[in-house]
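Note sheet for the following structure.
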Amino acid sequence: MDGVLAVKLFAGPLVIGLASLAGKRWGPAAAGLLGGLPLIAACVITALWLEHGQDYAVATASAAPVGLWANVAYMLALGFASRHFAGRRFGWAGMLACGWIVYLFAAIALARSGLAHSLPVGIASLAGLLLAARYVLPKPAAPPVIVPLPRIELVTRMSAALLLVASLTGLAQILGPALTGVLAAAPVAGAVIPAFTLANAGRDAVLVQLRGFLTGLVGTGASFLCLPALAAHLGGWAALPATLIAVACGYGANFLMQRLER
117 MDGVLAVKLF
127 AGPLVIGLAS
137 LAGKRWGPAA
147 AGLLGGLPLI
157 AACVITALWL
167 EHGQDYAVAT
177 ASAAPVGLWA
187 NVAYMLALGF
197 ASRHFAGRRF
207 GWAGMLACGW
217 IVYLFAAIAL
227 ARSGLAHSLP
237 VGIASLAGLL
247 LAARYVLPKP
257 AAPPVIVPLP
267 RIELVTRMSA
277 ALLLVASLTG
287 LAQILGPALT
297 GVLAAAPVAG
307 AVIPAFTLAN
317 AGRDAVLVQL
327 RGFLTGLVGT
337 GASFLCLPAL
347 AAHLGGWAAL
357 PATLIAVACG
367 YGANFLMQRL
377 ER
């Protein structure tokens, strides 16, 4: 089995599995924070690096921070849509449909605007994530309840992640680096985990989770903003400092949000 196939088959599902288990142990905020870190996006970029080379992967990664604006729109769409779909039998599907319609519209608009590789727009996305989490996303009405995570649900989550990662990497040649970069941070974890959370734990848990996603995505944006410069000097070893930057910025943003809410 080559490296590309291994990344597609194992990395994405493993990330979703770890985030889901974190949610089971520490609650939806932890699952959201881990899901917002560039774990899935890193899997996509790694697969592209192995399959298409460093230049293509770096060009793709440089568009990822701008693509976070589409994530902001997606998370807010889920938050507001969850009000109307909570408690319904297939409410999770309606919530996801609203979110993905908004996400794809925003992502395609960004890719076609010529701003996909704009550094100022990418940097501004970090502030946009924090402002959305603090002031725009609806607040939960009550503290969320941690619910059990059946094994079959964990397997289903991981299978959905496998399908989404494989689809995105498989379409890379057709989409090109700009659109693939915008979609690199596509809400794979943000689709799989909130869907099950709404069905099993309700809207309040989803809102706490989405706030975690938004703060975790600050780490994603920061790491991909730094990746082109790091790759130019370190090549494939750039993944290590980029990961450290992602973790530091993601958890730093989470710490800041917790201080502001006191």
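As numbered in the numbering used here, residues 117 to 378 make up the sequence shown, in order.
Ideal placement from N, C-alpha and C gives every residue a C-beta, glycine not left out.
From a predicted model like this one, the values you see are computed outputs, not experimental measurements.
In terms of alpha-carbon separation, which member of THR336, LEU280, ALA213 lies closest to LEU242?
THR336
I'd like to check one pair, LEU346 with PRO181: are the Cβ atoms closer than 8 Å?
No, the Cβ-Cβ distance between PRO181 and LEU346 is not below 8 Å.
Span separating the alpha-carbon of LEU155 from that of TYR190
18 Å
Does the region 321-332 come within contact of the region 156-168, defined as at least 3 CB pairs closer than 8 Å?
With the cut-off at 8 Å, the region 321-332 and the region 156-168 do not touch.
If GLY183 sits next to ALA223, beta carbons under 8 Å apart, how far is it from one beta carbon to the other, in whole angstroms?
Their Cβ separation, rounded to whole angstroms, is 6 Å, which keeps GLY183 and ALA223 in contact under 8 Å.
Alpha helix (DSSP H) runs wholly inside the region 239-287, at least 4 long, in chain order:
267-286
So, for CYS214: in the same chain, excluding its five sequence neighbours on each side, which residues have a beta-carbon less than 6 Å away from its beta-carbon?
ALA193, ALA197
Reduced DSSP category for HIS233 - H, G, I as helix; E, B as strand; rest coil
coil
Mark TRP353 as exposed unless 16 or more other C-beta atoms lie within 10 angstroms of its C-beta, in which case mark it buried.
exposed
With DSSP run on the structure shown, which of helix, strand or coil describes GLY169?
Reduced to three states, the DSSP call for GLY169 is coil.
According to DSSP, is GLY318 helix, strand or coil?
Coil, per DSSP.
Go to GLY139, then tell me how far its alpha helix (DSSP H) extends in each direction, as first and last residue.
First-last of the alpha helix (DSSP H) with GLY139: 128-142.
Would you report the Cα separation of ARG199 and VAL252, rounded to the nearest angstrom?
14 Å
The alpha helix (DSSP H) with ALA364 in it runs from where to where?
It spans 355-376 - the alpha helix (DSSP H) in which ALA364 sits, taken as one unbroken run.
Here's the rule I'm using: 16 or more other beta-carbon atoms within 10 Å means buried, otherwise exposed. How should ARG319 be labelled?
buried
Minimum length 4: unbroken alpha helix (DSSP H) runs contained in the region 176-212:
none
Nonlocal neighbours in the same chain, by C-beta distance under 6 Å from GLY368, ignoring five residues either side:
none
Can the beta-carbon of VAL188 be found less than 8 Å from the beta-carbon of LEU246?
no
Straight-line Cα distance separating PHE221 from ALA138
31 Å
Give me, in chain order, the residues of the same chain whose beta-carbon lies closer than 8 Å to that of ALA307; leave out the 5 immediate sequence neighbours on both sides.
In its chain, beyond the 5 residues on either side, LEU212, GLY215, TRP216, ALA276, LEU280 have a beta carbon closer than 8 Å to the beta carbon of ALA307.
Where does PHE201 land, buried or exposed, given buried means 16+ other C-beta within 10 angstroms?
buried
Distance, Cα to Cα, ALA358 vs GLY351?
The straight-line gap from Cα to Cα measures roughly 12 Å.
Residues near VAL218 in its chain [Cβ-Cβ closer than 7 Å; skip 5 each side]
ALA189, TYR190, ALA193
Which of the three DSSP states, helix, strand or coil, is assigned to VAL304?
coil
Taking the alpha carbon of GLY207 as the point to measure from, which residue in ARG228, ALA355, ALA362, ALA311 has its own alpha carbon closest?
Proximity to GLY207 across ARG228, ALA355, ALA362, ALA311 peaks at ALA311, based on C-alpha coordinates.
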